[in-house]
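Student: Just passing along the structure, written as structure tokens.
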Amino acid sequence: MKVTIITRKYIKPCSPTPPNLRRYKLSALDEILPPMNMSVILFYTPNPKPDPTIDPQQTLPRVLTRFYPFAGRYLKNDLSVDCNDEGAEFVEAEVPGLDLATFLSKTENDGLDCLLPRTTYDRVDNPDDPILSVQVTNFPECGGRAVGISLSHRISDASTLGTFVSAWAHASDSEKTVLPTFDGPSIFPGTGLAPEFAPPRSVAVRRLQFGREAVSRLRSVLGPESRVRVASAVVAKALLRIEAAKNRGGSLRACYLGQGVNMRSRTVPPLGSHACGNFVYEAVARCMEAGAREPGLDELVRVVGGSIEKAVEDCGRMMWLDGEGRVEMVRGPLEKVFETLASGDNVALWFTDWSKFGFYEADFGWGKPGWVRVGKVCTENLTVLMDDRAGGGIEAWVHLSHEDVPSFESDDDIKLFLVA
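The numbering of the sequence shown is this note's numbering, which starts it at 6 and goes up by one.
Here is the structure:
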């Protein structure tokens, strides 16, 4: 589908960043992340009575004053952000000749990234790469809109992205002012070392819809587990079946299952919901030994639950340690898993939960979004879980290799939830 770019500009903060905040060093958790963007697309159906007092382009400079690193530029050789107020990228675009509903019905999951100003693959750590990019795409045929937001994973996680979106959407409401903090480098002091990453591989994305009733049915079998855990177990089971089929007649590789845990509310004292940066504890557990049989859904739920409980326990005592101890607690086990995976004798399935970050509450004067779509992530076997538009259910955005797509789509369990 053709998206026409109307304007492309850079929006600067309305107030200059003070000299003492000019250099933002990466934290130890920022350092180990690949050069990619966290992206989300918010879809707004036509609103006959939009709020004329709210203009996202006009409110962005005020928000950037508080989120000052997002208007800076990354310095790869220094592992820092120069908070130089160069600005965030702001793109205005339109889709001529199609209304929003028709566009969505005719565009496959992989094709929706045309509504993003920069995809995950666009970040190569050039000194002129913007940290934050926004694209507002209008659909003149109907008055609908799509807001695509890309934020560098170098200094942000999904919670940070949600905090920024909330702050921007509520910028005109003084009673809902969001005050972010950027304390990651002091909590997890940087080591000055960052790994080199291989170029990103092209991946396919498939969306699964677990409605409220589907979640209830799964809970009736698996017990009163969270919707995220039961959906993760279904996806993991299918991916393990694919792994087993590929190794038929050979040795089945051992498998790790990783679930990102948001630290913010789990440390003592809490970091706060508006703590910006990378504050994710990767709860990783071995879910299948080499040559073993495939685990059942109930076993996978227990593995996910056990690893999360261990991570929550670690978060609860994390702040008792010094900075070096905190870094070792979070990075140490993860680096050992990465070393194990590098041999090629093991495989990992990764899950990350975006369902509690308020994306469906973002009202830029057009009402709340009718749908929220996760931007593609250039990592195989990664599943991003997001609220569904009806509430009570969950959507799973599964990233997998192109060669695994036919097996995934033909899996009997997956077919129950796959969205065409």
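Cβ coordinates follow ideal geometry from the N, Cα and C atoms, glycine included.
Model, not experiment: these values are computed from the prediction.
What residues are listed by DSSP as bridge partners for residue 155?
Tutor: 44, 138
Student: What whole-angstrom Cβ distance do residue 391 and residue 400 have, given they're in contact under 8 Å?
Tutor: 5 Å
Student: Contact between the stretch 127-141 and the stretch 330-341 is defined here as three or more beta-carbon pairs at a separation below 8 Å; is this criterion met?
Tutor: Taking 8 Å as the limit for Cβ pairs, the verdict is that the stretch 330-341 does not touch the stretch 127-141.
Student: Taking residue 99 as part of the beta strand (DSSP E), name the residues at either end of that continuous run.
Tutor: Residues 93-99.
Student: Terminal residues of the continuous alpha helix (DSSP H) containing residue 345?
Tutor: 328-346
Student: By alpha-carbon positions, which one of 291, 148, 184, 424 ends up nearest to residue 55?
Tutor: Of the candidates 291, 148, 184, 424, the residue whose Cα lies closest to the Cα of residue 55 is 148.
Student: Can residue 236 and residue 215 be called in contact, C-beta distance under 8 Å?
Tutor: Against a cut-off of 8 Å, the Cβ pair of residue 215 and residue 236 comes out as a contact.
Student: To the nearest angstrom, how far is the alpha carbon of residue 38 from that of residue 198?
Tutor: If I take the Cα positions, the gap works out to 11 Å.
Student: For residue 388 versus residue 240, is the C-beta spacing smaller than 8 Å?
Tutor: yes
Student: Excluding sequence positions up to five away, which residues of its chain have a Cβ less than 8 Å from the Cβ of residue 377?
Tutor: 45, 46, 47, 48, 364, 365, 391, 392, 394
Student: Is the beta carbon of residue 82 sitting closer than 8 Å to the one on residue 212?
Tutor: no
Student: Please tell me whether residue 32 and residue 189 are closer than 8 Å, where the distance is taken between their beta carbons.
Tutor: yes
Student: How should residue 402 be labelled, buried or exposed, when 16 other C-beta atoms within 10 angstroms of its C-beta is the threshold for buried?
Tutor: buried
Student: Between which two residues does the beta strand (DSSP E) harbouring residue 14 extend?
Tutor: 9-16
Student: So, using beta-carbon positions, are residue 405 and residue 413 closer together than 8 Å?
Tutor: For residue 405 and residue 413, yes; Cβs fall inside 8 Å.
Student: Since residue 404 sits in a beta bridge, which residues does DSSP pair it with?
Tutor: 210, 387
Student: Whether or not the stretch 12-32 and the stretch 150-157 are in contact is what I'm after, with contact meaning three or more pairs of Cβ atoms, one per stretch, closer than 8 Å; do they touch?
Tutor: no
Student: Are the CB atoms of residue 73 and residue 130 within a distance shorter than 8 Å?
Tutor: No, the pair does not count as a contact, with Cβ atoms beyond the cut-off.
Student: Using the three-state DSSP reduction, which class does residue 426 fall into: helix, strand or coil?
Tutor: Outside the shown range of the chain, which is 6 to 425, sits residue 426, and nothing can be said about it.
Student: Does DSSP classify residue 323 as helix, strand or coil?
Tutor: Correct three-state label for residue 323: helix.
Student: Over the uninterrupted alpha helix (DSSP H) stretch that includes residue 239, give me the two end residues.
Tutor: Segment 232-251, the alpha helix (DSSP H) holding residue 239.
Student: By Cβ distance below 8 Å, which residues in the same chain neighbour residue 71 in space, the five residues on each side in sequence not counted?
Tutor: 172, 183, 184, 185
Student: Counting only runs of 3+ residues fully inside the stretch 144-201, write out the beta strand (DSSP E) ranges in chain order.
Tutor: 149-157
Student: Which residues in the same chain have their Cβ closer than 8 Å to the Cβ of residue 274, if we skip the five residues on either side of it in sequence?
Tutor: 324
Student: Quick one, are the C-beta atoms of residue 305 and residue 259 less than 8 Å apart?
Tutor: Contact: no.
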